[in-house]
Amino acid sequence: MDFSLSSEQEMIRDSVNRFVEKDYSFDKYLDTVKTDAQMQPKTWQQFAEFGWLGQPLSETAGGYGGNAVDTSLIAEGLGNGLVLEPYIANIVFAGNLIALAGSSSQQEALVGPLVEGNKQLAVAFAERISRYNPAWCATTAQASDDGYVLNGEKHGVVNGANAETFIVSARTGGNAGETAGISLFLVDANTPGLTIRSYKTLGGGTAAELTLNEVTLSDDALLGAPGEGFAPLERALDYAIAAACADALGAMKAMLKRTAEYAGQRKQFGVPIGSFQVIQHKLVDMFIEVEQSTSMVLQAAVQADNDDRVTRRKAIAGAKAYINKSSKFVAQWAVQLHGGIGVTEELDVGHYFRRLTGFNLQYGDREYHLKQFAALSCDIEANAEQRAAA
Amino acid sequence: MNLDFSPEEKQFQQEVRSWMQANVPTQKKPGAMGYHSRDDQMAWEQLLGKQGWLASNWPTEFGGPGWNATEQHIFDEERAAAGGAITSPFGLTMLAPVLMKFGSPAQQERFLPKIAKCEELWCQGYSEPGAGSDLASLKTAAIRDGNEYVVNGQKIWTTQGHWADWIFCLVRTDNEGRKQQGISFLLIDMKTPGIEVRPIHTIDGEHHLNEVFFTDVRVPAENLVGEEGQGWTIAKYLLSHERTCIAGVAGSKAGIEGLKKLLANTPTETGTRLDDPTVRQRIAELEVDLMALEFTNFRTLDKMAKGQPPGAESSGLKIKGTELQQALTEARVELGGDDSLPWHNEEEIGHAEYNNASLAYNFLRASTIYGGSNEIQKNVIAKFLVAL
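Encoded structure:
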């Protein structure tokens, strides 16, 4: 067992921190958050130059072949700096899905431009009643003579305002809720029959509602084998969740740091409020939650690369369930301990608060992930086998 | 970054697991503090001692197995998973590191081998009626008289004081200066005339704790550890060695697995208790909390294995670890429902495995109080968190 970072990983971490310090001030954030796209092309180009866009993607697919721990370091730094650009939705989620499921020609067509910063993608898997479950797919893909016709609706598609191409899950067989029979399709934003209603989300970033009405696609729009889209979708989603947890951890650390500093400076009754035990203990509770969450982010990142599904899914679901709760705790108390200034738009603390609230609601809430975790951990016989095999 | 045990560690795990399966007593069930009698506890510890594993945290030069932090953790986890009792920490994990660092060669030779084989049991004389969280206010006095100290005063909350052969005490040898300065660390034979042990019964209805009274107790001066006035430094050193073991990860892990098995074997009208979504949710919440605790513990162990001091992550281990112990025992009692009601009953009632769950639940209310209450822990952590 070894928890230390490689020198390469330390360089990645330092490069994100340097970028935030030098190029991503709170004013830059405020300028960006006003825009419909919630991102700036110039900033995205910087990401490409730093190599962050290729880092999470395998070398065979045309990426730089980093692991999920590398990705989590980038994501944590971006969360820490309140950076809005859609790194997780576009690169970690959609990019990995192309790398996992795409044919070599699809990878060639998409990963190169992604890595260079010239492509925006979004994964459209959720539906209005799916409640985070990627297997709940009612959108249909009817085979035709030379392709497929898609009908249905997709909901809460992260990065929906920017996506030039959507990866849409649709059924070529089976029923909603079943993992078999789900296929993945590449659908360009300007495809006839596709209606996109995009909007800003509360934590920053964008999403969209898609309506697919007789969307006609050729055979080469199919991403991966027909009916077998669930496994790569779940896998790529796990990468996204691990990165989202790291992003949230970065935001939590920023809030703790600001709150501890504020408590040391803000004077009432003639003394810093940080001298009051009631404030101190709350800061300690926040600190402990940050440390526990750090542990969860580390193990989730390591296991995101694990091919054993049960180990990986328990690690990811456990991390998201835990950090959904711990991040809410840290965010709420950071605002509370700042007092009045904490609920204003002018201080970054409130913006971190919104980012973490958004994190809670994206890629599965605590209730959903606890259920997922329980389904895996309450299988006593499987656990006994796993223990014996370990 | 790598979370797997090495091949050597996996082999070690198998070795310990087989030994535990063959040797953990199956007749008597231990409680949260170990077995319920001195004889049973000593028999179990002597068995481990014979194997050379009792002093699991000691280096080889003092007769330990020389395990690294990860191996110690594996050992503890396998011990708990097999249902083996926790070992009495006072000699093994509290006093021993102190003697190794501050003790004279004669003291090391006299005391350590008997601890490693469990030929003598120890207890801890820290708290007093007027010195709980404010430990430095302790008043038990040790006055030098020739080659002896004469000790007068009272200790309280002395776990296993009624079993112990020896007690290590913080005593006041000087009343001048800061209150921390006049404290010394003294080893006292419990058979010395003038010592009286009175039981304190805890809310689990059992006898773990005691008051210990000292009246003109004459202690050889050679039993002073370190120098006069060095007691507070030694006490702080001792605390730094408690951190990882006090998180109780191994015990909580075994506790959750045991509870899940029990729920899976508790029938309901339609299946088992473990099928119930609300029960599952509660288990999952505990398990996810444990996961975070376990990896925080691993991060600390990793630093220790590399010879680095434990980092900031370790300071919350006691708080989170004891909160989880409490939540887990609370869950077992509540999930048992009315099967948890029988109180110190020898017969098996209903789903009998829940019958005595309330004992551990009741006793472990103490876990957030002992070893420095969690509120005191927070005061300590706050010192490096807030710059005033």
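So the sequence lines, in the order shown, correspond to chains E and C.
Using our numbering, you'd call the opening residue of the first sequence number 22 and step up by one each time.
Using our numbering, you'd call the opening residue of the second sequence number 298 and step up by one each time.
Even for Gly, the Cβ is constructed at its ideal location relative to N, Cα and C.
Being a predicted model, the structure only gives us computed values, none of them experimental.
TODO: Taking the CB atoms as reference points, tell me whether asparagine 299 of chain C and methionine 317 of chain E lie closer together than 8 Å.
DONE: no
- [ ] Assuming leucine 183 of chain E and methionine 60 of chain E form a contact by the criterion Cβ under 8 Å, report the distance between their Cβ atoms to the nearest whole angstrom.
- [x] At residue 183 of chain E the sequence reads asparagine, which differs from the leucine that was named. That belief holds up - the Cβ atoms of asparagine 183 of chain E and methionine 60 of chain E are roughly 7 Å apart, short of 8 Å.
TODO: Can you tell me the Cβ-Cβ gap for tyrosine 658 of chain C and threonine 626 of chain C, rounded? I've got them flagged as a contact below 8 Å.
DONE: 4 Å
Task: Alpha carbon of lysine 274 of chain E to alpha carbon of asparagine 354 of chain C, nearest angstrom - done: 34 Å
Task: Which of helix, strand or coil DSSP assigns to threonine 161 of chain E - done: strand
Task: Reduced DSSP category for arginine 475 of chain C - H, G, I as helix; E, B as strand; rest coil - done: coil
- [ ] Tell me whether the beta-carbon of leucine 78 of chain E lies closer than 8 Å to the beta-carbon of tyrosine 85 of chain E.
- [x] yes
Task: Contact list for the stretch 76-100 of chain E against chain C, Cβ threshold 9 Å - done: Asn88, Val90
Task: Interface residues of chain C facing glutamine 313 of chain E [CB-CB closer than 9 Å] - done: Asp586, Ala589, Leu590, Phe592, Thr593, Glu610, Gly613, Lys617
Open item on the list: Please report the straight-line C-alpha distance between glycine 360 of chain E and glutamate 312 of chain E, rounded to a whole angstrom.
Closed with: 24 Å
Open item on the list: Looking at serine 180 of chain E: is its Cβ nearer than 8 Å to the Cβ of proline 107 of chain E?
Closed with: The sequence given here has asparagine at residue 180 of chain E, not serine. Yes, the pair counts as a contact, with Cβ atoms nearer than the cut-off.
- [ ] Quick one: list the residues of chain E neighbouring glutamate 582 of chain C, beta-carbon separation under 7 Å, in chain order.
- [x] Leu391
- [ ] Reducing DSSP to helix, strand and coil, say where histidine 498 of chain C ends up.
- [x] strand
Task: Contact list for asparagine 676 of chain C against chain E, beta-carbon separation under 9 Å - done: Gln298, Gln301, His302, Val305
Open item on the list: Would threonine 489 of chain C and valine 514 of chain C qualify as a contact pair, given that the criterion is a beta-carbon distance under 8 Å?
Closed with: yes
Open item on the list: Against chain E, with Cβ distances strictly below 8 Å, would leucine 435 of chain C count as a contact?
Closed with: no
Open item on the list: Within 8 Å, do at least three Cβ pairs link the stretch 102-121 of chain E to the stretch 150-159 of chain E?
Closed with: no
TODO: Would you decide whether histidine 498 of chain C is buried or exposed? Buried here means 16 or more other CB atoms lie within 10 Å of its CB.
DONE: exposed
Open item on the list: Does tyrosine 384 of chain E come out as helix, strand or coil in the three-state DSSP assignment?
Closed with: coil
Open item on the list: Counting C-beta neighbours from all protein chains within 10 Å, is the total for glutamate 282 of chain E 16 or more, i.e. buried, or is it exposed?
Closed with: exposed
Task: Residues of its chain near glutamine 353 of chain E, where Cβ-Cβ distance is below 8 Å and the 5 sequence neighbours each way are ignored - done: Phe374
TODO: Quick one: residues in its chain with C-beta nearer than 6 Å to the C-beta of glutamine 310 of chain C, no 5 flanking neighbours on either side, listed in chain order?
DONE: Ile371
Task: C-beta atoms of leucine 277 of chain E and valine 351 of chain E nearer than 8 Å - done: yes
TODO: Drop a sphere of 10 angstroms on the beta-carbon of asparagine 196 of chain E, count the other beta-carbons inside from all chains shown, and report buried for 16 or more, exposed for fewer.
DONE: exposed
Open item on the list: Using C-beta distances below 7 Å, list every residue in its chain close to arginine 149 of chain E, excluding the 5 sequence neighbours before and after it, in chain order.
Closed with: Glu174, His176
Task: Contained alpha helix (DSSP H) runs [length at least 4] in the stretch 326-363 of chain E, N- to C-terminal order - done: 330-359
- [ ] Helix, strand or coil for proline 429 of chain E, going by three-state DSSP, please let me know.
- [x] Since the first and last residues shown for chain E are 22 and 411, residue 429 of chain E lies out of range.
Task: Rounded distance between the beta-carbons of lysine 615 of chain C and glutamine 674 of chain C, thought under 8 Å - done: 6 Å
Open item on the list: Taking the straight line between their C-alpha atoms, what separation do you get for phenylalanine 24 of chain E and histidine 648 of chain C?
Closed with: 43 Å
Open item on the list: So, with DSSP's three-state summary, where would you put phenylalanine 297 of chain E?
Closed with: coil
TODO: Look at the alpha carbon of glutamate 643 of chain C and the alpha carbon of asparagine 652 of chain C, and state the distance between them as a whole number of angstroms.
DONE: 10 Å
Task: Enclosing alpha helix (DSSP H) for lysine 452 of chain C [first to last residue] - done: Run containing lysine 452 of chain C: none in the alpha helix (DSSP H); it sits in the beta strand (DSSP E), 445-453.
Task: Span separating the alpha-carbon of cysteine 399 of chain E from that of valine 104 of chain E - done: 38 Å
Task: Distance between glutamine 318 of chain C and alanine 191 of chain E (C-alpha atoms, nearest Å) - done: 51 Å
Open item on the list: How far does the beta strand (DSSP E) with glycine 168 of chain E in it extend, from its first residue to its last?
Closed with: 168-179
- [ ] Could you pull out every residue in the same chain whose Cβ sits closer than 6 Å to the Cβ of glutamine 478 of chain C, ignoring the five residues on either side in sequence?
- [x] Gly526
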